[in-house]
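Protein chains in written order, with the numbering used here: chain A, 17 to 396; chain B, 17 to 396.
Every residue, glycine too, gets a C-beta built ideally from N, C-alpha and C.
Report on one structure; see the data block that follows.
Written as structure tokens, this is what we have:
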């Protein structure tokens, strides 16, 4: 018997303790018991016919949620970041340009570009940039959870195509909570995450590619840098390439697929339009209530407000960290501060999927009022 | 209300059906109820103190399992392939060479190199190749699940270091089931998956980096191609870089972390050496029984046999697919055919973690005997 110089860690002999929290930050959101329990089904093989059926159901659910007929529609085995890399790695070849609409951290992260926050671009600005830079890909975050902005999408796909450019949209924070029509809006690549409106655990990321995107990707001169995210392999594994059999690519996270399927079933049961309407109504109720409390919304223009993630101007006379800590400690509720360019400027509240209800708004408003009573800065 | 031209899919209105299977293929393995249920705990934030504690427990568990003191030890949010890419993307800069020991599909996939199966390399062969090619990284699969070979590791790390090369080991199929001492054996980067001996669902991949590897990686001239797998970010997120606070990198798959922690707790409770011994004993019992049935093992040399995944020479007079199908249909047991270079040549049986017991061997032998009775080829 070989010796083990590194002894067994005692911490693992203690039971794991996971508290319940109201997850009203920008994500992950709460996961309802039926979705958690779906993920606790037994593991089957990543190549068994039953998992292919579940994957086919997921494809159908994503096509519905994205409002697309794209055959290359699947879920990446990873979080939203993985989907972002899947999009960029596959769609761009060395030497080609990517143009990024930098309206918050997600735009920033996609390109390491300079900051520009709290607003959105006009289609005229976008066209000027397309004409000037002639990129292969134009990236836009539909819902910028760092700033709370919902970017309009109409007409941009058509502009991109005029300049022979693919239109890539990040809808991680908005999908299912705000109207989006992938095919009608000429979006070439669209992705989201599982842990926001869908209310599934983080770990899978729905993504879809238009025929135009596939034409480019499947005729690349070079291989994408990532084997794991190579769309030729992924689309075969997901049965999107019309080939009679699927070849082993990677061991799919089957239990995460179970949860994702269940979360899509919940969306289908409610209906996409009803989900959009509900998020809108609840957000408006929330925003009006905040303003009547004397708080200010970071996004001034009403129609530019993301219905899923609200940014509140950090109230003066308070350290925002005191507010978030107090609400967590006293009310067991997570809300968060800013991210990237909005750090220190805002409080961020996410009400997504099952959390988007007036009852949850009322719970949160009570907690906020309580925090504002108790967290005054007395440092002068 | 916006219209939705793509209607809701009816398939998602049906309940999901997941059968129970005995998962005796090369992975994923069965997941015990306590690990499945751990994964059904409520979702908390990926930056909450409780998840950092769970991640710290995971780190300690991986250090024990890998037998390493490396501070940069963590779990990648993805499957074994993601960990493979994490290792290569971080450790290799453009223009540097990777030398791959091709003894099966895992070696093959790491480098798209020519085939060479069913055996292993001598340290003399490895030294010759290191001296000739002067690679920055040498890749070796400890457990080649495509061929059933356990590759010896002693002395190779030292050879690599003599030639100023990092030693990268894939232990996806072997970890926890066969002795390995990362520090003693001079392994610079080591990774495994969650779904084999650990018996957790697929979706997380333990990985560790030696100080020598970190020296190279943290002093790169260029950024790694993947932001998601950039070790600078990952090691901060996992609290490995000594910095006082962790910065948001990606939304960790927290429920997958719960399951991974629970699976490491099971390993700690049994003890690593006992787990190695059990897998060895059960494999020897299995191999002897197979030979007494008149079947032949694909790996002739006893000490080169992987204790977790056994390759059986596909018996003559049978189509191997008839055997695997029959066993699945009649006995609800998954075993599999070959993979990559071993397709058509072998049957592959995995007995990993909780499935490594004599009772499971007996169950499987009965199924195999039954299949051999019923699946004779009558095509002449």
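{"Check": "Does residue 279/A get closer than 8 angstroms to chain B when you measure Cβ to Cβ?", "Outcome": "no"}
{"Check": "Since I believe residue 220/A is in contact with residue 276/A (beta carbons under 8 angstroms), could you give me their beta-carbon distance rounded to a whole number of angstroms?", "Outcome": "5 angstroms"}
{"Check": "DSSP has residue 155/B in a bridge; who is on the other side?", "Outcome": "116/B, 184/B"}
{"Check": "With a threshold of 7 angstroms on Cβ separation, who are the neighbours of residue 141/B within its own chain once the five nearest residues in sequence on each side are excluded?", "Outcome": "none"}
{"Check": "Apart from the five residues just before and just after residue 228/A, which ones in its own chain have a Cβ nearer than 8 angstroms to its Cβ?", "Outcome": "177, 182, 204"}
{"Check": "For residue 283/B and residue 354/B, which I take to be in contact (beta-carbon distance under 8 angstroms), what is that distance rounded to the nearest angstrom?", "Outcome": "Not confirmed; about 29 angstroms, so no contact."}
{"Check": "My parser needs the alpha helix (DSSP H) runs of 4 or more residues fully inside the region 198-271 of chain B; what are they?", "Outcome": "227-233, 247-253"}
{"Check": "Excluding sequence positions up to five away, which residues of its chain have a Cβ less than 8 angstroms from the Cβ of residue 391/B?", "Outcome": "334, 335, 338, 339, 342"}
{"Check": "Can you check the region 46-87 of chain A for any alpha helix (DSSP H) of at least 4 residues that lies completely inside it and give the ranges in chain order?", "Outcome": "49-54, 65-82"}
{"Check": "Tell me the DSSP bridge mates of residue 191/B?", "Outcome": "194/B"}
{"Check": "Answer yes or no: does any C-beta atom of chain A fall closer than 8 angstroms to that of residue 131/B?", "Outcome": "With a pLDDT of 32 at residue 131/B, under the threshold of 50, the modelled position of this residue cannot be trusted; read the value that follows with caution. No - not a single Cβ of chain A is within 8 angstroms of the one on residue 131/B."}
{"Check": "Measure the C-alpha to C-alpha separation of residue 165/A and residue 365/A and round it to an integer number of angstroms.", "Outcome": "13 angstroms"}
{"Check": "For the alpha helix (DSSP H) holding residue 298/B, just list the boundary residues, first then last.", "Outcome": "288-308"}
{"Check": "Note the first and the last residue of the continuous beta strand (DSSP E) segment covering residue 328/A.", "Outcome": "325-329"}
{"Check": "CA-CA distance, residue 136/A and residue 115/A?", "Outcome": "15 angstroms"}
{"Check": "Distance cutoff 8 angstroms, beta carbons only. Does residue 300/A sit that close to anything in chain B?", "Outcome": "no"}
{"Check": "From the beta carbon of residue 379/B, is the nearest beta carbon of chain A less than 8 angstroms away?", "Outcome": "no"}
{"Check": "Helix, strand or coil for residue 383/A per DSSP?", "Outcome": "helix"}
{"Check": "Is residue 28/B close to chain A, meaning its C-beta is less than 8 angstroms from at least one C-beta of that chain?", "Outcome": "yes"}
{"Check": "Look up residue 342/A in the DSSP assignment and say whether it is helix, strand or coil.", "Outcome": "helix"}
{"Check": "Identify the continuous beta strand (DSSP E) that holds residue 363/B and give its terminal residues.", "Outcome": "362-366"}
{"Check": "When burial is assigned at 16 or more other CB atoms within 10 Å of the CB, is residue 184/A buried or exposed?", "Outcome": "buried"}
{"Check": "Please list, in chain order, the residues of the region 32-61 of chain A that have any C-beta partner in chain B closer than 9 angstroms.", "Outcome": "32, 33, 34, 35, 36, 37, 39, 41, 43, 44, 45, 46, 47, 49, 52, 53, 54, 55, 56, 57, 58, 59, 60, 61"}
{"Check": "Can you check DSSP and say which residues form a bridge with residue 90/A?", "Outcome": "223/A"}
{"Check": "Can you pull the chain B neighbours of residue 68/A, defined as C-beta to C-beta under 9 angstroms?", "Outcome": "Here the premise fails: no neighbours, minimum Cβ distance about 13 angstroms."}
{"Check": "Going by the CB atoms, is the gap between residue 45/B and residue 211/B shorter than 8 angstroms?", "Outcome": "yes"}
{"Check": "Determine the extent of the alpha helix (DSSP H) in which residue 320/B is found, giving its start and end residues.", "Outcome": "Residue 320/B -> no alpha helix (DSSP H), and no H or E assigned at all."}
{"Check": "Please confirm whether residue 330/A has its beta-carbon closer than 8 angstroms to some beta-carbon of chain B.", "Outcome": "no"}
{"Check": "Is residue 282/A helix, strand or coil when you go by DSSP?", "Outcome": "helix"}
{"Check": "I need the DSSP call for residue 373/A, collapsed to helix, strand or coil.", "Outcome": "coil"}
{"Check": "Give the interface partners of residue 398/A over in chain B, defined as CB-CB distance under 7 angstroms, in chain order.", "Outcome": "The displayed coordinates of chain A run from 17 to 396. Any statement about residue 398/A would go beyond what the structure contains."}
{"Check": "Between the region 238-258 of chain B and chain A, which residues of the former have a C-beta closer than 8 angstroms to a C-beta of the latter?", "Outcome": "241, 242, 243, 244"}
{"Check": "DSSP state of residue 32/A, grouped into three classes?", "Outcome": "coil"}
{"Check": "Output needed in chain order: residues of the region 203-216 of chain B with a Cβ under 8 angstroms from some Cβ in chain A.", "Outcome": "209, 211"}
{"Check": "Please determine, among 384/A, 393/A, 358/A, the residue with the shortest C-alpha to C-alpha distance to residue 162/A.", "Outcome": "358/A"}
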